[in-house]
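Contents: one structure, followed by commentary.
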Amino acid sequence: MDILRIFKMQEPISKDLLSKKTDIGKYKEFVQEKDVILKNQKEKIKDLEQHIGELKERNLELESIIKTNNIDITKGQFKSSTSNEFQRTMQAYEDFIKEIVHEKEQLEAENYTFKNHINKLDEAFHTLIQKYETAKAIIQGLKRNEDILIRRNQEHENLVNKLNKKCDTGSNKNTKNSKTFNKIGKPPNGNSQNTYSEIGTKCTK
(Lines of atoms letter the chains of each structure in order from A and count residues from 1; the text may use other names and numbers.)
(Lines give C-alpha, C1' and ligand atoms only; values in the text may rest on other atoms or scores of the structure.)
Protein backbone atom coordinates (compact mmCIF):
# COMPACT_ATOMS: atom_id res chain seq x y z
CA MET A 1 0.00 0.00 0.00
CA ASP A 2 1.23 3.47 -0.84
CA ILE A 3 2.68 5.34 2.16
CA LEU A 4 1.04 8.63 1.12
CA ARG A 5 -2.33 6.92 1.01
CA ILE A 6 -1.81 5.57 4.52
CA PHE A 7 -0.96 9.06 5.78
CA LYS A 8 -4.16 10.38 4.20
CA MET A 9 -6.13 7.61 5.93
CA GLN A 10 -4.69 8.72 9.28
CA GLU A 11 -5.48 12.40 8.62
CA PRO A 12 -9.02 12.25 10.17
CA ILE A 13 -7.55 10.75 13.35
CA SER A 14 -5.04 13.58 13.58
CA LYS A 15 -7.77 16.21 13.09
CA ASP A 16 -10.00 14.54 15.69
CA LEU A 17 -7.04 14.41 18.05
CA LEU A 18 -6.41 18.14 17.63
CA SER A 19 -10.14 18.91 18.07
CA LYS A 20 -10.32 16.91 21.32
CA LYS A 21 -7.22 18.64 22.62
CA THR A 22 -8.75 22.06 21.84
CA ASP A 23 -12.04 21.13 23.54
CA ILE A 24 -10.22 19.94 26.66
CA GLY A 25 -8.28 23.21 26.79
CA LYS A 26 -11.47 25.28 26.52
CA TYR A 27 -13.29 23.27 29.20
CA LYS A 28 -10.33 23.47 31.55
CA GLU A 29 -10.25 27.26 31.16
CA PHE A 30 -14.00 27.39 31.86
CA VAL A 31 -13.68 25.21 34.96
CA GLN A 32 -10.79 27.34 36.22
CA GLU A 33 -12.97 30.45 35.85
CA LYS A 34 -15.78 28.72 37.76
CA ASP A 35 -13.33 27.70 40.49
CA VAL A 36 -12.25 31.32 40.87
CA ILE A 37 -15.90 32.44 41.12
CA LEU A 38 -16.61 29.74 43.73
CA LYS A 39 -13.59 30.81 45.74
CA ASN A 40 -14.73 34.45 45.67
CA GLN A 41 -18.28 33.48 46.67
CA LYS A 42 -16.99 31.41 49.58
CA GLU A 43 -14.95 34.38 50.77
CA LYS A 44 -18.02 36.64 50.50
CA ILE A 45 -20.12 34.15 52.46
CA LYS A 46 -17.43 33.95 55.12
CA ASP A 47 -17.33 37.77 55.41
CA LEU A 48 -21.13 37.96 55.60
CA GLU A 49 -21.32 35.28 58.25
CA GLN A 50 -18.71 37.16 60.25
CA HIS A 51 -20.65 40.40 59.87
CA ILE A 52 -23.90 38.70 60.90
CA GLY A 53 -22.14 37.35 63.96
CA GLU A 54 -21.06 40.89 64.84
CA LEU A 55 -24.63 42.15 64.38
CA LYS A 56 -25.97 39.40 66.63
CA GLU A 57 -23.44 40.34 69.31
CA ARG A 58 -24.50 43.96 68.97
CA ASN A 59 -28.14 42.93 69.30
CA LEU A 60 -27.34 40.96 72.44
CA GLU A 61 -25.56 43.99 73.87
CA LEU A 62 -28.59 46.17 73.10
CA GLU A 63 -30.91 43.66 74.72
CA SER A 64 -28.64 43.61 77.76
CA ILE A 65 -28.71 47.42 77.95
CA ILE A 66 -32.49 47.41 77.65
CA LYS A 67 -32.87 44.90 80.45
CA THR A 68 -30.30 46.58 82.66
CA ASN A 69 -31.86 50.02 82.30
CA ASN A 70 -35.46 48.78 82.29
CA ILE A 71 -36.10 50.54 79.01
CA ASP A 72 -39.56 50.12 77.56
CA ILE A 73 -38.94 49.47 73.87
CA THR A 74 -42.67 49.70 73.12
CA LYS A 75 -42.52 53.46 73.61
CA GLY A 76 -40.51 56.20 72.04
CA GLN A 77 -38.31 56.02 68.97
CA PHE A 78 -35.93 53.35 70.24
CA LYS A 79 -38.00 50.57 68.71
CA SER A 80 -38.37 52.18 65.32
CA SER A 81 -34.84 53.52 64.98
CA THR A 82 -32.80 50.66 66.40
CA SER A 83 -34.81 47.46 66.36
CA ASN A 84 -36.34 48.04 62.94
CA GLU A 85 -32.96 48.96 61.47
CA PHE A 86 -31.48 45.79 62.86
CA GLN A 87 -34.33 43.69 61.45
CA ARG A 88 -33.97 45.25 58.01
CA THR A 89 -30.22 44.72 58.03
CA MET A 90 -30.58 41.10 59.12
CA GLN A 91 -33.24 40.41 56.49
CA ALA A 92 -31.12 41.98 53.75
CA TYR A 93 -28.11 39.89 54.72
CA GLU A 94 -30.16 36.71 54.96
CA ASP A 95 -31.60 37.30 51.49
CA PHE A 96 -28.16 38.03 50.11
CA ILE A 97 -26.72 34.90 51.71
CA LYS A 98 -29.54 32.77 50.26
CA GLU A 99 -28.81 34.19 46.83
CA ILE A 100 -25.08 33.56 47.18
CA VAL A 101 -25.62 30.01 48.46
CA HIS A 102 -28.00 29.26 45.57
CA GLU A 103 -25.49 30.60 43.05
CA LYS A 104 -22.72 28.63 44.75
CA GLU A 105 -24.73 25.40 44.50
CA GLN A 106 -25.39 26.03 40.81
CA LEU A 107 -21.72 26.69 40.17
CA GLU A 108 -20.71 23.54 42.03
CA ALA A 109 -23.21 21.48 39.99
CA GLU A 110 -21.91 22.98 36.73
CA ASN A 111 -18.35 22.47 37.88
CA TYR A 112 -19.05 18.80 38.64
CA THR A 113 -20.68 18.32 35.22
CA PHE A 114 -17.83 19.98 33.37
CA LYS A 115 -15.20 18.05 35.30
CA ASN A 116 -16.92 14.79 34.34
CA HIS A 117 -17.02 15.95 30.74
CA ILE A 118 -13.33 16.84 30.88
CA ASN A 119 -12.53 13.39 32.28
CA LYS A 120 -14.38 11.79 29.36
CA LEU A 121 -12.57 14.05 26.91
CA ASP A 122 -9.26 13.10 28.53
CA GLU A 123 -10.09 9.41 28.08
CA ALA A 124 -11.05 9.98 24.44
CA PHE A 125 -7.88 12.03 23.95
CA HIS A 126 -5.67 9.26 25.35
CA THR A 127 -7.49 6.68 23.21
CA LEU A 128 -6.82 8.76 20.11
CA ILE A 129 -3.17 9.12 21.08
CA GLN A 130 -2.89 5.34 21.37
CA LYS A 131 -4.52 4.91 17.96
CA TYR A 132 -2.20 7.52 16.51
CA GLU A 133 0.89 5.83 17.96
CA THR A 134 -0.31 2.45 16.64
CA ALA A 135 -0.91 3.89 13.17
CA LYS A 136 2.47 5.60 13.30
CA ALA A 137 4.21 2.31 14.16
CA ILE A 138 2.38 0.54 11.31
CA ILE A 139 3.36 3.26 8.83
CA GLN A 140 6.99 3.12 9.95
CA GLY A 141 6.97 -0.67 9.52
CA LEU A 142 5.48 -0.37 6.04
CA LYS A 143 8.05 2.26 5.13
CA ARG A 144 10.87 -0.04 6.24
CA ASN A 145 9.38 -2.90 4.20
CA GLU A 146 9.05 -0.59 1.20
CA ASP A 147 12.71 0.43 1.50
CA ILE A 148 13.74 -3.24 1.65
CA LEU A 149 11.65 -4.07 -1.42
CA ILE A 150 13.09 -1.12 -3.35
CA ARG A 151 16.63 -2.19 -2.46
CA ARG A 152 15.98 -5.82 -3.45
CA ASN A 153 14.32 -4.72 -6.68
CA GLN A 154 17.39 -2.65 -7.51
CA GLU A 155 19.63 -5.65 -6.79
CA HIS A 156 17.49 -7.82 -9.09
CA GLU A 157 17.64 -5.19 -11.83
CA ASN A 158 21.43 -5.06 -11.55
CA LEU A 159 21.59 -8.86 -11.75
CA VAL A 160 19.31 -8.91 -14.81
CA ASN A 161 21.47 -6.27 -16.50
CA LYS A 162 24.58 -8.35 -15.89
CA LEU A 163 22.88 -11.45 -17.30
CA ASN A 164 21.72 -9.49 -20.35
CA LYS A 165 25.27 -8.30 -20.99
CA LYS A 166 26.56 -11.87 -20.78
CA CYS A 167 23.83 -13.04 -23.18
CA ASP A 168 24.71 -10.23 -25.61
CA THR A 169 28.39 -11.20 -25.47
CA GLY A 170 27.57 -14.89 -26.11
CA SER A 171 25.27 -13.97 -28.99
CA ASN A 172 27.99 -11.87 -30.64
CA LYS A 173 30.45 -14.77 -30.42
CA ASN A 174 27.94 -17.18 -31.99
CA THR A 175 27.29 -14.74 -34.85
CA LYS A 176 31.02 -14.37 -35.50
CA ASN A 177 31.55 -18.14 -35.51
CA SER A 178 28.66 -18.60 -37.95
CA LYS A 179 30.16 -16.09 -40.37
CA THR A 180 33.53 -17.83 -40.17
CA PHE A 181 31.92 -21.17 -40.98
CA ASN A 182 30.12 -19.75 -44.02
CA LYS A 183 33.34 -18.29 -45.40
CA ILE A 184 35.26 -21.57 -45.08
CA GLY A 185 32.52 -23.69 -46.69
CA LYS A 186 33.27 -27.30 -47.80
CA PRO A 187 36.99 -28.15 -47.98
CA PRO A 188 38.51 -29.24 -51.30
CA ASN A 189 39.70 -32.59 -50.00
CA GLY A 190 36.17 -33.36 -48.75
CA ASN A 191 37.39 -33.89 -45.19
CA SER A 192 34.65 -31.91 -43.47
CA GLN A 193 35.30 -33.48 -40.08
CA ASN A 194 38.72 -31.87 -39.72
CA THR A 195 37.35 -28.53 -40.92
CA TYR A 196 34.52 -28.56 -38.32
CA SER A 197 37.04 -29.42 -35.64
CA GLU A 198 39.07 -26.39 -36.57
CA ILE A 199 36.00 -24.11 -36.50
CA GLY A 200 35.02 -25.45 -33.10
CA THR A 201 38.51 -24.76 -31.86
CA LYS A 202 38.33 -21.18 -33.14
CA CYS A 203 34.86 -20.50 -31.51
CA THR A 204 36.05 -21.71 -28.16
CA LYS A 205 39.07 -19.43 -28.18
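In this text, residue positions in the sequence shown follow UniProt numbering: the first is 1, and each later residue adds one.
Cβ atoms here follow ideal geometry from the backbone N, Cα and C, with glycine treated the same way.
- Between T113 and K143, the alpha-carbon positions lie close to 45 Å from each other.
- The residues Y93, in chain order, have a CB closer than 6 Å to that of I52 in the same chain once the five nearest residues on each side in sequence are set aside.
- In this structure, the alpha-carbon of N40 lies about 28 Å from that of N59.
- K42 sits away from N111, with the two beta carbons spaced by 7 Å or more.
- Cβ contact annotation for L107 (same chain, cutoff 8 Å, sequence separation greater than five): K34, I37, L38, Q41, in chain order.
- About 41 Å separates the Cβ atoms of F125 and L48, ruling out a contact at the 8 Å cut-off.
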